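Participant: Have a look at this one before I ask anything.
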Amino acid sequence: MLVDGGYGKQWNEMKASDWPSTYQSPFYPNIFAAGIAFAPPGSISKPHVTKNGTVITATAPRTGMAAGIIGRVVAFNIIDMIEGKAPSHYESMSEMPGACIASLGKSIWNGSASTILMYPVAPDYEKYPEYGRDLKVCDLEVGLAGAWIKRSLHTAFLYKMKGNLGWSMIPE
Ligand SMILES: Cc1cc2nc3c(=O)[nH]c(=O)nc-3n(C[C@H](O)[C@H](O)[C@H](O)COP(=O)(O)OP(=O)(O)OC[C@H]3O[C@@H](n4cnc5c(N)ncnc54)[C@H](O)[C@@H]3O)c2cc1C
13 MLVDGGYGKQ WNEMKASDWP STYQSPFYPN IFAAGIAFAP PGSISKPHVT
63 KNGTVITATA PRTGMAAGII GRVVAFNIID MIEGKAPSHY ESMSEMPGAC
113 IASLGKSIWN GSASTILMYP VAPDYEKYPE YGRDLKVCDL EVGLAGAWIK
163 RSLHTAFLYK MKGNLGWSMI PE
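Going by my numbering, the residue at position 46 of the sequence shown is 58; the numbering climbs one at a time, nothing skipped.
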């Protein structure tokens with residue numbers, strides 16, 4: 013769904029500020045699109061065409077963490093509107109960090125997972141001219157510790173989602 017992004021630009025014209033930040037429809041103000049539902053304004057890396065003519069335009073990785081952050085922004089903006097105010101919460105994918113743990117085996121002894129950190133998720137070439145990202149923050153590690161973190165997050169997340177005692181103390 014189209015939201016508050018700067019759509020319709022070529023790759024070289026796109027700026028970090030073109031990424032949506034309130035996720036509100038410009039046509040129907042009472043409709044928001046969170047998580048994977050919003051239309052990205054463009055590719056996150058330079059589009060190219062393979063020698064066979066296949067067009068490759070990488071979309072933003074709208075993973076669980078991004079979906080969670082956006083869901084929170086949208087929820088707060090809906091509260092604003094119920095209270096008669098304009099949406100005052102925003103966070104675009106060119107401002108937010110991304111952390112993703114991809115399981116490669118869940119055993120607590122022999123398991124492994126790939127832990128990926130990226131900031132910002134969508135590139136900001138004005139702030140980070142070389143790669144669009146802060147390379148001091150970006151990292152990828154594969155190992156057993158990742159499997160432990162994945163297990164802990166999984167257990168904590170399900171506990172929180174069930175609304176068990178103290179759920180609100182568990183951070184997003
Ligand atoms: C196999 C796989 C592995 C992944 N692994 C990771 C990972 O390790 N880490 C990570 O960060 N992210 C991971 N992701 C991505 C992550 O799961 C998604 O980015 C995230 O779930 C998106 O959340 P969402 O709320 O936007 O959409 P969803 O979680 O897809 O929620 C949309 C909901 O809307 C419901 N729905 C659809 N149509 C209607 C309708 N008409 N009426 C009512 N309800 C409707 C659907 O049933 C669904 O429950 C993975 C995704 C996949 C598929």
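All C-beta atoms, glycine included, are put in the ideal place defined by N, C-alpha and C.
Since the model is a prediction, treat every value here as computed from it, not as a measurement.
1. Can you give me the C-alpha to C-alpha distance between Glu103 and Leu129, rounded to a whole angstrom?
2. Could you check whether the stretch 149 to 162 touches the stretch 117 to 135, counting it as contact only if at least three pairs of C-beta atoms, one from each stretch, sit closer than 8 angstroms?
3. Here's the rule: buried if 16 or more other CB atoms are within 10 angstroms of the residue's CB, otherwise exposed. What is Val61?
4. Please tell me whether, using a cut-off of 8 angstroms, the distance from the CB of Gly76 to the nearest non-hydrogen atom of ligand 1 is below it.
5. Is Glu107 near Ala28, with beta carbons less than 9 angstroms apart?
6. Please say whether Thr71 and Ile81 have beta carbons closer to each other than 9 angstroms?
7. Sort Ala87, Pro132, Ala49, Leu14 by Cα distance to Lys146 and report the nearest one.
8. CB of Gly117 to nearest heavy atom of ligand 1: below 8 angstroms?
9. To which residues of the same chain is Ile182 closer than 6 angstroms at the C-beta, ignoring the five residues directly before and after it?
10. Buried or exposed, going by whether 16 or more other CB atoms sit within 10 Å of the CB of Asn176?
11. For Cys112, is the beta carbon positioned less than 8 angstroms from some heavy atom of ligand 1?
12. Just checking my contact of Gly158 with Ile113 at CB under 8 angstroms: how many whole Å lie between their CB atoms?
13. Do you know offhand how far Glu25's Cα is from Ala111's?
14. Checking 9 angstroms against the spacing of the C-beta atoms, do Ala14 and Ser33 come in under that value?
15. Can you grab the Cα-Cα spacing for the pair Ala51 / Thr66, in whole Å?
16. Is Gly96 close to ligand 1? I mean its beta-carbon at under 8 angstroms from any heavy atom of the ligand.
17. What number of angstroms, rounded off, separates the C-alpha of Val149 from the C-alpha of Ser164?
Facilitator: Working from what's here:
1. Their backbone Cα atoms lie some 18 angstroms apart in a straight line.
2. By the Cβ test, the stretch 149 to 162 is in contact with the stretch 117 to 135, since at least three Cβ pairs between them sit closer than 8 angstroms.
3. A residue is called buried once 16 or more other Cβ atoms fall within 10 Å of its Cβ, and Val61, having fewer, is exposed.
4. The answer is yes for Gly76.
5. One thing to note: Glu107 has its Cβ within 9 angstroms of the Cβ of Ala28.
6. The Cβ atoms of Ile81 and Thr71 lie no closer than 9 angstroms to each other.
7. A small fix is needed here, since residue 146 is Asp in this sequence, not Lys. Of Ala87, Pro132, Ala49, Leu14, the residue nearest in Cα terms is Pro132.
8. No, Cβ of Gly117 sits at least 8 angstroms from all heavy atoms of ligand 1.
9. Within its own chain, the residues whose Cβ lies closer than 6 angstroms to the Cβ of Ile182, once the five positions on either side in sequence are excluded, are Ala168, Lys172, listed in chain order.
10. Classification for Asn176: exposed.
11. The answer is yes for Cys112.
12. The pair is a contact, with the Cβ atoms about 6 angstroms apart (cut-off 8 angstroms).
13. One C-alpha to the other measures close to 27 angstroms.
14. A small correction: the amino acid at residue 14 is Leu; Ala does not occupy that position in the sequence shown. Taking the C-beta atoms as reference points, Ser33 is found no nearer than 9 angstroms to Leu14.
15. CA-CA distance, Ala51 to Thr66, rounds to 22 angstroms.
16. Every heavy atom of ligand 1 is 8 angstroms or more from the Cβ of Gly96, so no.
17. Cα to Cα, the separation comes out at about 22 angstroms.
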